[in-house]
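Working notes, structure below.
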Amino acid sequence: VISHVIIGLKSVKGTKQLKLDPAIYEALQQEKVSTGDVIYIEANSGSVKRVGRCDAYATEFDLEAEEYVPLPKGDVHKRKEIVQDVTLHDLDSANAKPVGGHDL
Numbered sequence: 003v004i005s006h007v008i009i010g011l012k013s014v015k016g017t018k019q020l021k022l023d024p025a026i027y028e029a030l031q032q033e034k035v036s037t038g039d040v041i042y043i044e045a046n047s048g049s050v051k052r053v054g055r056c057d058a059y060a061t062e063f064d065l066e067a068e069e070y071v072p073l074p075k076g077d078v079h080k081r082k083e084i085v086q087d088v089t090l091h092d093l094d095s096a097n098a099k100p101v102g103g104h105d106l
């Protein structure tokens, strides 16, 4: 049983080690995250998105065609605001088909 996950994150401005919930371990495995990958972790949901491989690792030989991306420039902890436009129809549709069988 995994009690927690310790992950090291690096950006141009520094490095941080985070102790995360064990549920994130499965998300890391699903995205096939390894050392040198650039990832985005959604703090609220715990979802992990693999953005690509850091271009510092471009000299390594990989059989798979990798997308190389630059090392993130900002701080390791960064807030990202996501704005989603929702129409009244979207709200009506969501309420007409509630998830889990409960009305909103």
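Take 3 as the starting number for the sequence shown in my numbering and just add one per residue.
Note that CB positions come from ideal geometry on N, CA and C, so glycine has one too.
Since the model is a prediction, treat every value here as computed from it, not as a measurement.
Nearest neighbour of K15 by Cα position, chosen from K99, G76, K51, turns out to be G76. Ranking R55, K51, V78, V50 by CA distance to the CA of S13 puts V78 first. Assignment of beta strand (DSSP E) within the stretch 26-100, counting only whole runs of 3 or more residues, yields 39-43, 50-56 in chain order. Taking C-beta atoms as the reference points, L30 and C56 fail to come closer than 8 Å.
The C-alpha of V85 is placed about 19 Å away from the C-alpha of S95. Here V71 is exposed: its Cβ has fewer than 16 other Cβ atoms, across all protein chains shown, within 10 Å. The three-state secondary structure of I4, taken from DSSP, is coil. The Cβ-Cβ distance between V50 and I26 falls below 8 Å. Note: K18 is bridge-paired with L11 in the DSSP secondary-structure output. In the assembly as shown, V88 is an exposed residue. Its beta-carbon has fewer than 16 other beta-carbons within 10 Å.
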